[in-house]
Amino acid sequence: MKVEDVTFFLKQAIELAYENAQKGGRPFGAVLVNNNKIIATGVNQILITNDPTAHAELLAIRAASQNLNTANLNGCSVFASGQPCPMCMAAMRMAGIESVYYAHSNADAEQYGLSTQVIYEDLAKPFEEQSMNIEYVPVRFEDKPHLYAYWKS
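So this is what it looks like as structure tokens:
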């Protein structure tokens with residue numbers, strides 16, 4: 001993708017972030033693009049919806065999936081005003097997003113309480129060292145087939 005196209009779409013995402021902040025939302029916007037065409041946009045709606053997953057990137061992915069009538073967003077790119085958090089990065093990978101561009105880093109966001117760097121660092125640790133308790137508990141029903149085998153059949 002040409003530098004001027006990346007800059008154009010990032011400016012679109014940043015403009016959405018400014019508009020969202022003006023309305024009392026958090027300063028994050030995202031633009032989802034396929035073949036140099038905007039397919040969907042999103043802004044952070046955590047404060048409006050009380051939904052901690054209502055990030056700009058996730059809302060853009062949801063809208064794009066509905067607009068394209070598919071959960072497979074291979075070939076698409078996301079342009080975000082801020083560095084996507086680990087949840088959004090994981091969702092973009094699972095959706096097949098090809099590339100991600102962002103305009104403001106976690107370092108830029110840190111002094112405003114908007115950085116997710118600590119979460120990235122925690123997730124890089126083995127489960128037993130992370131701040132959240134994570135345990136594998138292999139519960140199975142004796143009278144039912146393995147859940148995944150059941151689904152596959």
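Note that UniProt numbering numbers the sequence shown so that position 118 is 118, with each residue one more than the last.
We put the CB at the ideal spot given by N, CA and C, even for glycine.
Keep in mind the model is a prediction, meaning the values are calculated, not measured.
Exercise for the section: Give a yes or no on contact between the segment 56 to 66 and the segment 107 to 115, applying the rule of three or more CB pairs nearer than 8 Å. Expected result: The segment 56 to 66 vs the segment 107 to 115: no contact.
Problem - Under the three-state DSSP convention, the category Phe79 falls into - result: The residue labelled residue 79 in the question sits at position 79 within the sequence shown. Correct three-state label for Phe79: strand.
Handout entry: Simplified DSSP state of Ile48, which is helix, strand or coil
Key = One-based indexing of the sequence shown puts residue 48 at position 48. The answer is helix: DSSP assigns Ile48 an H, G or I state.
Exercise for the section: Assuming Val137 contacts Phe79 (C-beta within less than 8 Å), just tell me the rounded distance between them. Expected result: Taking the first residue of the sequence shown as 1, we reach residue 137 at position 137. Taking the first residue of the sequence shown as 1, we reach residue 79 at position 79. Rounded, the Cβ-Cβ distance is 40 Å, inconsistent with contact.
Handout entry: Where Ala71 sits in the DSSP three-state scheme
Key = As a working mapping, residue 71 is identified with position 71 in the sequence shown. Three-state result, Ala71: coil.
Practice task
Grab me the residues of Ala17's own chain with a C-beta within less than 6 Å of its C-beta, minus the 5 sequence neighbours each way, in chain order.
Solution key: Residue 17 sits at position 17 when you count from the first residue of the sequence shown. Taken in chain order, the residues that qualify are Pro27, Phe28, Gly29 and Ser81.
Handout entry: Backbone secondary structure at Ser115 - three-state DSSP
Key = Within the sequence shown, residue 115 is the residue found at index 115, counting from 1. In the structure shown, Ser115 sits in coil (DSSP, three-state: anything other than H, G, I, E or B).
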